[in-house]
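Counted the way this note's numbering counts, the sequence shown spans residues 1 to 413.
Each remark here refers to the structure printed beneath this line.
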Amino acid sequence: MALIVQKFGGTSVGDTERIKNVAARVARTRAAGHDVVVVVSAMAGETNRLVKLAYEIDAQPIGREYDVLVSSGEQVSIALLALALDRAGVPARSFLGHQISMITDTTHGRARIESVGSDVLEATLARGEIAVVAGFQGIDKDGNITTLGRGGSDTTAVALAAALKADVCEIYTDVDGVYTADPRLVRGARKIPRISYEEMLELASLGAKVLQTRSVEFGMKYEVPIHVRSSFDESEGSWVVPEEETMEQVVVRAVTYDKNEARISVLGVPDRPGIAARVFDSLADAEIVVDMIIQNASHERDGHTDLTFTVPKESATQALELMQQLASELGAAEVRADSNIAKVSVVGVGMRSHSGVAAKMFRVLSGAGMNIQMIATSEIKISVVIDEVYTELAVRVLHQAFGLDAEPSVAAE
Ligand code: ADP
Ligand code: ASP
Ligand code: MG
Numbered sequence: 001m002a003l004i005v006q007k008f009g010g011t012s013v014g015d016t017e018r019i020k021n022v023a024a025r026v027a028r029t030r031a032a033g034h035d036v037v038v039v040v041s042a043m044a045g046e047t048n049r050l051v052k053l054a055y056e057i058d059a060q061p062i063g064r065e066y067d068v069l070v071s072s073g074e075q076v077s078i079a080l081l082a083l084a085l086d087r088a089g090v091p092a093r094s095f096l097g098h099q100i101s102m103i104t105d106t107t108h109g110r111a112r113i114e115s116v117g118s119d120v121l122e123a124t125l126a127r128g129e130i131a132v133v134a135g136f137q138g139i140d141k142d143g144n145i146t147t148l149g150r151g152g153s154d155t156t157a158v159a160l161a162a163a164l165k166a167d168v169c170e171i172y173t174d175v176d177g178v179y180t181a182d183p184r185l186v187r188g189a190r191k192i193p194r195i196s197y198e199e200m201l202e203l204a205s206l207g208a209k210v211l212q213t214r215s216v217e218f219g220m221k222y223e224v225p226i227h228v229r230s231s232f233d234e235s236e237g238s239w240v241v242p243e244e245e246t247m248e249q250v251v252v253r254a255v256t257y258d259k260n261e262a263r264i265s266v267l268g269v270p271d272r273p274g275i276a277a278r279v280f281d282s283l284a285d286a287e288i289v290v291d292m293i294i295q296n297a298s299h300e301r302d303g304h305t306d307l308t309f310t311v312p313k314e315s316a317t318q319a320l321e322l323m324q325q326l327a328s329e330l331g332a333a334e335v336r337a338d339s340n341i342a343k344v345s346v347v348g349v350g351m352r353s354h355s356g357v358a359a360k361m362f363r364v365l366s367g368a369g370m371n372i373q374m375i376a377t378s379e380i381k382i383s384v385v386i387d388e389v390y391t392e393l394a395v396r397v398l399h400q401a402f403g404l405d406a407e408p409s410v411a412a413e
């Protein structure tokens, strides 16, 4: 007998028929003798609808009320699933985040889990019931409802699996595993049977939304095996596990893209110590997350330089305003923003032991007529920023060039 945490995403609980199917699957797991804790997302489209409502009232909604609103979708789906389980003859009980002491910090909209209670869930399992837990939500130390950022139900599930020392955390979704590229974009993408936490962490943080980044961080820290699989069939999915020796043989494991960043350039800033600190301090004070940063070599004649960085698209306007204020104080010539960019990345632990990946990536992109605006590398990834209109093309040509296509992709035809 095992303890299994099963998480079902929005599409998997998209209507009442699908919720009944989820109940049937959970019932089968239980009939096989396992204890089950289920985590569910809001029904497909519901969180987007709620977010839109908030913005219809206020362009900068108060975090506390935003979280009360957007966490409500999960309250509906847990109750419906508990009802469906009961109808299927399986005793079940639903729980909101605060009812199981899912304690987070106070960063509304993207709170971090600080601790998870296990007593209530253990007692539920001990009574022979299925616990159905609302994903995505928690409560801070002052009793305010918080949410964990979009896609946060994955993190709820893996955090619960860690707290309960579950044998596995199963992530049921609308694709049957983690692929070498978003299977909706690249027809020839292939399922990756086993992937290391480290690679999955990069893939998630570089745009593959199949798992939320923080869920992988939890999985890695507490060594929770994560099985990403389809809600709609029984096929074996992808396992996210500690790195195995053979994994380094593959140089590029997957290609990802992210269209959610904007580029800001502060041009002609005096090249003096302390300037970069001023720029990034002001962004940090506004809680704007900066991703890539480039500082050009100083313009030789006049001792000025250009500073370019990327921020989430939703922070672009605020970052631009901050930089415009700062530009006059610093004596910078100009500030520019561009939201029509995309970050395309190749990821693989094999890059540690193979050279030439960056050169090949740049050659392939330039061969397809693309201009590279920014570059960032780490031990196991290379990212470039390009014009957003070329995103799909870039992913497809890189997927093909690094030998990941199962069959000729559109770009290769
Ligand atoms: P859920 O609602 O179940 O949480 P998500 O929409 O958050 O599902 O994540 C699943 C989606 O992630 C897939 O539909 C797929 O389009 C996308 N995706 C992006 N990159 C990848 C990848 N490399 N492998 C698998 N899916 C990916
Ligand atoms: N319902 C939330 C969202 O749409 C959380 C999740 O689905 O994981 O982001
Ligand atoms: Mg998701």
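Just so you know, even glycine gets a beta-carbon here, dropped at the ideal spot from N, CA and C.
These numbers come from a predicted model, not from an experiment.
Along the chain, where does the alpha helix (DSSP H) that runs through Arg-263 open and close? Looking at the DSSP string, Arg-263 is not in any alpha helix (DSSP H); the run it does join, the beta strand (DSSP E), is 261-270.
Are three or more beta carbon pairs between the stretch 235-253 and the stretch 188-197 nearer than 8 angstroms? yes
Kindly indicate which residue of Gly-348, Gln-373 and Ala-319 has the alpha-carbon position closest to the one of Asp-285. Ala-319
Name the one or two DSSP bridge partners that Arg-336 has. Ser-265
Can you tell which of Ser-345, Met-370 and Ala-368 has the C-alpha that lies nearest to the C-alpha of Glu-379? Ser-345
In the DSSP output, which residue or residues are listed as bridge partners for Met-102? Val-116
Flag Ser-41 as yes when its Cβ comes closer than 7 angstroms to any non-hydrogen atom of the ligand ASP, and as no otherwise. yes
Let me know if Thr-317 comes out buried or exposed under the rule of 16 or more other beta-carbons within 10 Å of its beta-carbon. exposed
Host beta strand (DSSP E) of Ala-342 (start-end): 341-347
Taking 8 angstroms as the limit between beta carbons, can you name the residues of its chain near Ala-23, skipping five residues before and five after? Leu-81, Ala-84, Leu-85, Arg-87, Ala-88 and Val-90
By the 10 Å Cβ neighbour count, where 16 or more other Cβ atoms means buried, how is Arg-263 classified, buried or exposed? buried
I believe Asn-260 touches Pro-183 by the beta-carbon criterion, under 8 angstroms. Please report the beta-carbon distance rounded to the nearest angstrom. Their Cβ separation, rounded to whole angstroms, is 20 angstroms, which puts Asn-260 and Pro-183 out of contact at 8 angstroms.
Looking only at its chain, what residues have a beta carbon closer than 7 angstroms to the beta carbon of Thr-138, apart from the 5 residues adjacent to it on each side? Note that residue 138 corresponds to Gly in the displayed sequence, not to Thr. If we look at Gly-138 and ignore the five residues flanking it on each side, its Cβ neighbours are Gly-97, Met-102, Ile-103, Thr-104, Ala-111, Ile-113, Thr-146 and Leu-148.
Taking the alpha-carbon of Val-495 as reference, which of Gly-303, Ala-189 and Asp-67 has the nearest alpha-carbon? In this structure the chain extends from 1 to 413, so residue 495 is not present and cannot be described.
Report, in whole angstroms, the separation of the C-beta atoms of Val-228 and Val-210, which I expect to be a contact under 8 angstroms. 6 angstroms
Boundaries (first-last residue) of the beta strand (DSSP E) holding Thr-305: 304-312
Best match in Ala-126, Arg-127 and Val-120 for proximity to Val-133 [C-alpha to C-alpha]: Val-120
Roughly how many whole angstroms lie between the Cα atoms of Val-279 and Ala-333? 14 angstroms
Need the endpoints of the beta strand (DSSP E) that Ala-276 sits in, please. Not the beta strand (DSSP E): Ala-276 falls in the alpha helix (DSSP H), residues 275-285.
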